[in-house]
Amino acid sequence: MKEEIQTLRQKALEEIPICKNLKELESLRIKFLGRKSKLSSLLGQIGQLSKEQRPIIGDLLNQTKREIENQISERKDALLLETQKKKIVKQELDISFPGRPIEIGAKHPLFKIWEEIEDIFISLGFEIAEGPEIETEYYNFDALNTPEWHPARNLSDTFYLKNGMLLRTETSPVQIRVMEKYKPPIRIIAPGRCYRNDKPDASHSPVFHQFEALVVDVGITFADLKGTLDSFVKRLFGDKTHSRFRPHFFPFTEPSAEIDILCINCNGKGCKLCKNTGWLEMGGAGMVDPEVLKQVNYDSEKYTGFAFGLGIDRITMLRYGIHDIRILFKNDLRFLQQFV
Amino acid sequence: MKISYNWLKEFVPIDLPIEEFCQKLTMYGIEVENIIHFGDEYENIVVGKIVSVKPHPKSDHLSVCLVDVGENKPLSVICGAPNVKENQNVPLAKIGAMLGDFKIKKAKLRGIESYGVICSEKELGISDDHSGIMVLEGEYNAGTPFAEVLKIDDYVIDVEITPNRPDLLGMIGIAREVAVMLDTKYTTPKIEFNPDMSGKQLTSELLSVEIDDPELCPRYCGRLIKNITVKPSPGWVQTRLKAVGLRPINNIVDITNYILMEYGHPLHAFDYENISENKIIVRRAKDGEKIELLDEQIYTLSSQNLVIADNEKPVALAGIMGGVNSSILSTTKDIVLECACFNPKNIRATSLSLNLESDSSYRFERGMDPNRLEEVIDRTAQLIQLTAGGEICKGIVDVYPKKILPKKVFLRTQRVNHILDTKLQPYTIKSYLLKFEFTIFEKGENFEVTIPTFRPDLEREIDIIEEIARCYGYKNIHSKFSLPRIEDRQKRETIRKIRSHLVNLGFFEVCNLSFASPDVFDKLNLPKDDYRRNIIELANPLGEQFSILRTTLIPDLFSNVALNLSHKLEHFKLFELNNVYFKNENNLPSEQVSLTGVIVGDFVPKYWNSKSQLSSFFDVKGILESLFKILHCTHYISFKKSDEPFYITGQSSDVLLNDVKIGSYGILKKDVLSNFEIKAHAIIFDINVSTLLSHIPHEEIYYKEVIKFPPVLRDIAIIVPQGISVAEIETTINSFNPEIIKNVSLFDVYKGSQIRENHRSLAFSITFQSDKSTLTDKYIDKLFDKIVKKLLKKYKIELRHR
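Quick note, the sequences are listed as chains A and B, same order.
First residue of the first sequence: 1314, per my numbering; consecutive thereafter.
First residue of the second sequence: 1000, per my numbering; consecutive thereafter.
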């Protein structure tokens, strides 16, 4: 009987590891362990053995049974793993295929900068004001203390409408409109579209964009102007740059200044962008002229204020390295797509 | 902390209605959180006179009493107390009264109805006595409110004392602050002992005190009172303690608590007999030393903790809680009173490490005044003698190794006015400083201020300035930095939302100049009287092409399309968000924000597993609908056929907001496109943002409870004659029961051989959901039938299937 068991064992251990699939394995299980298997019938015959033989053969049979069972379960695991592996290989993606394109557009660079400027000033406690682009001479010139003889009033400088009004040449008229309507403290910026009768070229456009800043309160000084402007340019262009003020003339500010910032390209060393001066011209500034305050019935002894105006197009061009202002308004997608 | 209004008024005159007084307190920096009328808890509890007592026929311990409560008829009340007798005056809780959390209702006890409860002292929260009913001594009219009997007509004001103000943790402290607030004077109790009962012995002969660590205990005062009688406190003490939320225990403990609330200073009383060798030592605990405190917990201490000990053992955890081994018992005869000062940091650390807090630790960790201990301990002795008898031994044992001196601060008038933006004169500041009991020494217009030791929170000039500001009144300081609201925030935010949304949907923003050529209107097929021909002309233009201000963004956008098509780009989306300008006779012209967008070529690009899709009318409609969604105005938007002349007839729509036209969209006519040299498929939308802004309802996001009941979906397919719009059918279905019909959506359209001519089959999915219950099939079936019937009747439709 021992030999029979040995042969059976041998056979099982040979056949099980080479079976090819789960179906074959199941038939092998029935063959070796099923009710009609040799092993079952041998187990049934134990009763007929001698008392001494019984436990020995019994042990051997049980051990063999366990061995075959283990063998089957091992093979089963191996086969399952194999199937799974095959499935994975079959379902494997070529991850180099392109993803489904989700189209994304872009804000116009001018408005990107416009929004950024607004956000900086909002964080500095300013409100955003606005005024009309079509203005009267009063708001654009007279109220801003512009002398009758000032060349800005010429047809060659300003667009006039057939109805006698004009297209504002700067955002400064918003100052007057705000001060007429509200009492100090005033702390606004007014971004907007402006017009000058210029033939378009690389640095001139008949339509351009500016923002005006105006602060009026008790105790506002030239030092506040310098600090505010410096805080702004550092937030916009980074901490490496700073501003400087050069005396200048504007009808509605006294003292007036032109603002330069240290060239953001060369940090003042001199380059093509700053024409080797180390400085970039940014706009005009100054303390609000007492005449202007009187014009809006503010007590010019009690209140003082500062104003400045900077070009949004100019800032956009500096920020993105754009050398020709006309590109901004051409709306060529090959240009616009760079601002995604 | 709870303030008893009656108690407070003992020390400071207040002639104000309670609400006004509390309002003032809050504005003065002592925030009132709650005002309760003490005695409300005894509502519906009255004095009852027992008319008769008869045994309950079905019980051997219950009695049936008739009680006169001053009403027409005496009440029948069942009582189980053994001491109930005829003619007694008793507290009777009528129906509706609250005993603790228990509401009295009509009850039936073994077949007999009872209309109230005769109360024990425990039931009334007066003491722990539950041996029988409370019998009232003295004469009362039946029906007298029980609150009157207890003399507890008082207001309890619950206030928040900020952690920097330990001096306000008692009635006298509050009175001092109120006196400043109301510009009046406050008083303190008059302290005198009964001379007939003065002890002859000196305290110092009977008790010695030693401080091992003056850093942790700067001062310790002890007093000895002999031959006291421990018993319940008199009613007035109990009432006050209960008003401020403390439970009466016995006269000795109650008086120390009374002083805690009066002076705000914690005290402790020891049984003299249990202080071994009559010696008190204030020392650090030994590491591992154990003590059982009055909360019946055993604590293991470390050298970081300070204890009060005698020669053998710790008898209290300093400043936090007394020990069981020296506590006052009913048999206690002689007591040691402790009134001391402890280091706040150390008390806090011990309290934290042992997770043990008490009214005492709460005060000591905030800092108690070391220079008032004699007054506090004498006042305590006085009240103990008053309530417990006994002889007060002469003198105090006072160990105070290093006297704590008041701090001095230099205050500048100019600095006060600089911080507060006031113009206070030195004499005004002086009057404020004196109110606060500061000692001042004037130096020109400035002051050297000596701060009393009961104000540990005042250390610097700025602290004094705060006191001056409170005294002056915050409301009297003018407000300076108040900016007028100038900006149109809604406009700015709407423009930004629109811009970001379109960019995220794949649009590129363009920016064109404001000028236009006068011939663009003909190119757009605009009739002669079109509002867009209401133009503004320049007097000195750069040329004919730039001679007017644009009234529409469409022509410029078309130029942009043509330019980009010429660069071999075929599929793209553009928009412009800019001003247009209309003539406005006699006034400034009207400048309006306009939004114009265009989709050229495909809407869905080619992809390796799907085909491209040419942009359609409904792609643009979807974009606009998503835009209205983020602008929260979807519900106010409607669409109707457009007659704009540049669209293909029947393939365009106007957009209306609350029935006002705000724009249009549609597929462009070939001839219009060729006028602008565009050879491509293009669809545009054109919205007047200014009109939209002036008609948009203001709708904030407001969270609605998520519906917990499941939705039920039903589909319906109907055959509808051409000409009846989908929107119309959707509205009809929805209006049937908008509470329950949450959504109606078209999911299939079929036109084919099976459908009659000039008809189409529409399939809708209807979502039913209630926020009140789960909808049953039966309910929905019924509703669904009604909907079908109505549709059949209204539109002569045919039901295809359901």
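Glycine residues also receive a C-beta, built at the ideal position from the N, C-alpha and C atoms.
Beta carbon of residue i nearer than 8 angstroms to that of residue j
i: L1061 (chain B); j: I1077 (chain B); result: yes
i: I1383 (chain B); j: R1414 (chain B); result: no
i: E1431 (chain A); j: P1504 (chain A); result: yes
i: S1350 (chain B); j: I1319 (chain B); result: yes
i: A1620 (chain A); j: Q1488 (chain A); result: yes
i: I1329 (chain A); j: I1385 (chain A); result: yes
i: L1690 (chain A); j: I1433 (chain A); result: Limits of chain A in this structure are 1314 at one end and 1653 at the other, which puts residue 1690 (chain A) out of reach.
i: L1575 (chain A); j: G1591 (chain A); result: yes
i: I1577 (chain A); j: L1631 (chain A); result: yes
i: L1338 (chain A); j: R1379 (chain A); result: no
i: Y1664 (chain B); j: K1620 (chain B); result: yes
i: L1292 (chain B); j: G1263 (chain B); result: no
i: P1217 (chain B); j: K1401 (chain B); result: yes
i: L1568 (chain B); j: L1556 (chain B); result: no
Residue closest to residue i, alpha-carbon to alpha-carbon, out of the options
i: P1540 (chain B); options: A:P1519, A:G1618, A:V1529; result: A:P1519
i: E1584 (chain B); options: B:D1309, B:W1006, B:I1535, B:I1173; result: B:I1535
i: E1698 (chain B); options: B:H1634, B:S1744, B:V1654; result: B:H1634
i: E1122 (chain B); options: B:T1775, B:I1346, B:I1132; result: B:I1132
i: E1374 (chain B); options: B:V1306, B:L1266, B:E1311, B:S1430; result: B:L1266
i: I1035 (chain B); options: B:P1343, B:R1164, B:G1115, B:G1244; result: B:G1244
i: E993 (chain B); options: B:K1640, B:D1397, B:D1555, B:T1438; result: Absent from the structure is residue 993 (chain B), since the part of chain B shown begins at 1000 and ends at 1801.
i: E1508 (chain B); options: B:W1607, B:A1515, B:R1495, B:F1514; result: B:R1495
i: Y1451 (chain A); options: A:P1411, A:E1428, A:E1493; result: A:E1493
i: L1470 (chain A); options: B:A1538, B:E1569, B:K1669; result: Here residue 1470 (chain A) is Asp; the residue named in the question, Leu, does not match the sequence. With distances taken between Cα atoms, D1470 (chain A) lies closest to B:A1538.
i: V1031 (chain B); options: B:E1018, B:T1648, B:V1314; result: B:E1018
i: V1560 (chain B); options: B:S1724, B:V1323, B:P1343, B:E1575; result: B:E1575
i: F1101 (chain B); options: B:A1242, B:R1484, B:Y1041, B:V1603; result: B:Y1041
i: K1707 (chain B); options: B:S1769, B:G1169, B:G1172; result: B:S1769
i: I977 (chain B); options: B:E1458, B:D1642, B:A1146; result: With chain B covering 1000 to 1801 only, the question about residue 977 (chain B) has no answer from this structure.
Proximity test, Cβ basis, 8 angstroms: residue i and chain B
i: I1430 (chain A); result: no
i: R1413 (chain A); result: yes
i: I1441 (chain A); result: yes
i: D1552 (chain A); result: no
i: I1489 (chain A); result: no
i: G1418 (chain A); result: yes
i: L1606 (chain A); result: no
i: R1506 (chain A); result: yes
i: N1644 (chain A); result: yes
i: E1446 (chain A); result: yes
i: E1384 (chain A); result: Before going further, note that residue 1384 (chain A) is Gln rather than Glu in the sequence given. So no, Q1384 (chain A) is outside the interface.
i: P1464 (chain A); result: no
CB contact below 8 angstroms: residue i versus chain A
i: V1502 (chain B); result: yes
i: H1697 (chain B); result: no
i: I1485 (chain B); result: yes
i: P1604 (chain B); result: yes
i: Y1664 (chain B); result: no
i: P1588 (chain B); result: yes
i: A1538 (chain B); result: yes
i: R1495 (chain B); result: yes
i: I1531 (chain B); result: Reading off the sequence, residue 1531 (chain B) comes out as Arg, not Ile. No, no contact with chain A.
Residues that residue i bridges to, as DSSP identifies them
i: W1592 (chain A); result: A:L1575
i: E1176 (chain B); result: In the DSSP output, where bridge partners are listed per residue, E1176 (chain B) has none listed.
i: N1445 (chain B); result: B:K1442
i: G1221 (chain B); result: B:E1337, B:V1396
Min CB distance residue i to chain C below 8 angstroms
i: N1510 (chain A); result: Absent here is chain C; the protein component of the structure consists of chains A and B.
Which full runs of the beta strand (DSSP E) of 3+ residues lie inside the region 1489-1571 of chain B, going along the chain?
Here the runs fully enclosed are 1507-1509.
Could you pull out every unbroken alpha helix (DSSP H) segment of at least 4 residues lying fully inside the region 1454-1507 of chain A, listed in chain order?
Taken in chain order, the whole alpha helix (DSSP H) runs of length 4 or more contained in the region 1454-1507 of chain A are 1486-1494.
Restricting to runs no shorter than 3 residues, where is the beta strand (DSSP E) found entirely within the region 1317-1404 of chain B?
1334-1340, 1390-1393, 1396-1398, all fully within the region 1317-1404 of chain B.
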